[in-house]
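The structure appears below as structure tokens.
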Amino acid sequence: MRPRAALRSVVVAAATILLLGAAGCGSSEEDPYSIPDEFQDYCEEVEDQQVALGDALGEGGPATGLIKALPSFEALAAEAPDDLDDEWQIVLDRIHDLVDALDAAGVDPETYDRRNPPSGLSQEERDAIDAAARALVSPSTGGAMAGVQQHARDVCKTPLTIGAGARVAGPSAT
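Here the sequence shown stands for residues -22 to -1, 1 to 152, where the numbers follow mature numbering (1 follows the signal peptide of the UniProt record, and there is no 0).
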């Protein structure tokens, strides 16, 4: 009888472990694919800006597309969770720096050609534009943009952009 008692104890222990395991897994009504509450506003903004971002990035060259996308980026940064503040700040600062350099030189981003700059553009203005463009395509900017995109995919369950400019990558120099 002793072997039966031991067997019964093992069966009871195994059943208890299975029941406790089942109670801990799968009994939650939470959807593993749902967006966490603390990210709802940001993820809604991501969805609201997807088409505008795709269109802006698809319309111009790499730098002008980012400049056109700046209002969407600013809206996203305003709703972004705290853990994305650094990434968004890098992206926004680099785009603003290029816009400021172009504005200070009186140059239209749509028509600026680095190889054939407009007459009257000083070397100092050209250097400022080049420096801002290099910073915009730097690894730190690319890393920040990659982090923002990855967060949209992982947390919001959607890409940052859809449409013509669906790929937000590091731009080439202006």
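Note that beta-carbon positions come from the ideal geometry of N, C-alpha and C, so glycine has one too. Note that this is a predicted model, so its numbers are computed, not measured.
Using three-state DSSP, classify residue i as helix, strand or coil.
i, result
"L76", "helix"
"S100", "coil"
"C21", "helix"
"S12", "coil"
"A55", "helix"
"E37", "helix"
"D86", "coil"
"P49", "helix"
"I140", "coil"
"residue 165", "Residue 165 lies beyond the stretch modelled for the chain, which goes from -22 to 152, so this question has no answer here."
If you draw a straight line from the C-alpha of residue i to the C-alpha of residue j, how long is it?
i, j, result
"I13", "Q28", "17 angstroms"
"E16", "K46", "29 angstroms"
"H129", "G98", "44 angstroms"
"residue 159", "A56", "This structure does not reach residue 159, given that the chain is present from -22 up to 152, and the question cannot be answered."
"Y11", "L54", "22 angstroms"
"D75", "A41", "12 angstroms"
"G121", "N94", "30 angstroms"
"Q127", "L114", "16 angstroms"
"R72", "A106", "12 angstroms"
"A79", "R104", "9 angstroms"
"D60", "V133", "14 angstroms"
"D9", "S116", "38 angstroms"
"T89", "T139", "25 angstroms"
"D33", "D81", "23 angstroms"
"E22", "D91", "37 angstroms"
"G36", "A30", "10 angstroms"
Check the Cβ-Cβ distances between residue i and every residue of chain B, and say whether any is below 8 angstroms.
i, result
"L114", "Absent here is chain B; the protein component of the structure consists of one chain."
If you follow the alpha helix (DSSP H) that residue i is part of, which residue opens it and which one closes it?
i, result
"R131", "P117 to D132"
"I45", "P40 to K46"
> Can you find at least 3 beta carbon pairs, one from the region 84 to 104 and one from the region 68 to 75, that sit closer than 8 angstroms?
Replying inline: At 8 angstroms Cβ cutoff, the stretches do not touch.
>> When you compare the region 48 to 64 with the region 79 to 88, are there three or more beta-carbon pairs, one atom per stretch, that lie closer than 8 angstroms?
In response: With the cut-off at 8 angstroms, the region 48 to 64 and the region 79 to 88 do not touch.
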